[in-house]
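If you use the numbering used here, the sequence shown corresponds to residues 7 to 312, in order. A virtual CB, placed ideally from N, CA and C, is assigned to each residue, including glycine. What you are looking at is a predicted structure, and each value in this text was computed from that prediction instead of being measured.
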Amino acid sequence: MKVLVATEKPFAAVAVDGIRKVIEEAGYELELLEKYTDKKDLLAAVANADGLIIRSDKVDAEVLDAAKQLKVVVRAGAGYDNVDLEAATAHNVCVENTPGQNSNAVAELVFGMAVMAVRNMYDGTSGTELKDKNIGIHAFGQVGRNVARIAKGFGMEVSALDPYCPDEVIVAAGVTPVHSVEELYKNNRFVSLHIPATAETKKSVGYDLITLLPKNGVLINTARKEVIDEEGLAKALRERTDIKYVADIKPDSADALKEEFGNRVFFTPKKMGAQTSEANINAGIAAAHQVVAFLRDGINKFQENK
Ligand code: 3PG
């Protein structure tokens, strides 16, 4: 049986070594397709794969059609909006993710970007500190919980909104639960986004919410670009010249935003929240174990297309 690791944005070499070890010790063959730029290469490589490990790589109906032997896809990471779940189900392919494995890396980047924003993108001018400021966490999943932990180390006041998470869980983490999105944006100088991109959340953060931020508000997006209404963001930044937007996800209108708002906006060139050796090792090796567990024993604990 063959397991294909297809990563347009490769894992650190040490993580690939770990994945290889797990796959080969199980008696399977590993094929590596890294940094591919043409979908044709993925279509060819996946043709005789039984298992597939990916990151943000797109797995759509065309890929699934080409993957005649495929039984399981594991997205080494949290968000699986890059996989067509319905098509996978129709092809009888199990889709899994590896929740929590890369969340500390993403949470650390939140603070890398928060500090950069309040120190004026390190331009040498006088900035402000994070201590004693309020941070609102928009969705209290694995990344949100790590953000809360680190925020407390900075001496910040932490609150969180998550209709899918019981208040007790939020309170147990020493965080104040918030019950409306308006309240979250209105009362927090920093808002950190951790909502997944779904039909319900796409373009859900725009002008109305962003302009609720208090003076010198900073919106931090390490989630997905799709959750932002970019026209609304631009309008908000135009009207509220005190607000900043920093994102690990390049918006579609990145060039226009950069040109109009300069140092009040920042985007990483490529999504890099989970791009650390530790996160690559954790998520990559977890994915390898999950592929083996599925192919060998039919274990599907993290299946998302049930
Ligand atoms: C995730 O959903 O796990 C993160 O967005 C990381 O994505 P990546 O594996 O493409 O870096």
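Please check if any C-beta of chain C sits within less than 8 angstroms of the C-beta of Ala32.
This model lacks chain C altogether; it includes just one protein chain.
Output needed for Met122: all residues of its chain with C-beta closer than 8 angstroms, excluding positions within five of it in sequence on either side, in chain order.
Tyr128, Val252, Phe272
Out of curiosity, what's the CA-to-CA distance linking Lys277 and Pro172?
30 angstroms
Please identify the residue among Lys46, Gly223, Glu30 whose C-alpha is closest to the C-alpha of Ala12.
Lys46
Find the nearest neighbour of Pro183 within the set Ala19, Phe267, Val22, Gly142, judged by alpha-carbon distance.
Gly142
Taking one C-beta from the segment 88–97 and one from the segment 107–126 each time, how about it: are there three or more such pairs within less than 8 angstroms?
no
Whose C-alpha, out of Ser109, Ala53, Ile234, is nearest the C-alpha of Lys209?
Ile234
Check whether the Cβ atoms of Gln148 and Ser186 lie closer than 8 angstroms to each other.
no
Taking only runs that begin and end inside the segment 192–223, name each unbroken beta strand (DSSP E) of 3 or more residues, in chain order.
196–199
When you measure from the CB of Asn108 to every non-hydrogen atom of the ligand 3PG, does any distance come out below 7 angstroms?
yes
Considering only the alpha carbon of each residue, which of Ala179, Arg151, Gly180, His144 lies closest to Pro169?
His144
Could you check whether the Cβ of Ala203 sits closer than 7 angstroms to any heavy atom belonging to the ligand 3PG?
no
Would you say Gly83 touches the ligand 3PG, meaning its beta carbon is less than 7 angstroms from a heavy atom?
yes
The beta strand (DSSP E) enclosing Ser165, as first and last residue numbers
163–167
Using the Cα positions of Phe160 and Leu263, report the straight-line distance between them to the nearest angstrom.
30 angstroms
Would you mind sorting Lys250 into buried or exposed? The rule is 16 or more other CB atoms within 10 Å of its CB.
buried
Tell me where the alpha helix (DSSP H) around Gly24 begins and ends.
19–31
Limits of the unbroken beta strand (DSSP E) element including His144:
140–144
Between which two residues does the alpha helix (DSSP H) carrying Lys46 extend?
45–51
Assign Asp63 to buried or exposed, taking buried as 16 or more other Cβ atoms, counted over all protein chains shown, within 10 Å of its Cβ.
buried
Specify whether the segment 295–311 and the segment 67–87 touch according to this definition: at least 3 beta carbon pairs, one from each stretch, less than 8 angstroms apart.
yes
Per DSSP, cross-strand counterpart(s) of Asp125:
At residue 125 the sequence reads Arg, which differs from the Asp that was named. According to DSSP, Arg125 bridges with nothing at all.
Could you tell me the alpha carbon to alpha carbon distance between Asn286 and Arg61, rounded to whole angstroms?
10 angstroms
Between which two residues does the alpha helix (DSSP H) harbouring Thr282 extend?
Element bounds for Thr282: n/a, residue is neither H nor E.
How many Å lie between Asp44 and Val69 at the Cα?
12 angstroms
Is the beta carbon of Asp254 closer than 8 angstroms to that of Gly223?
no
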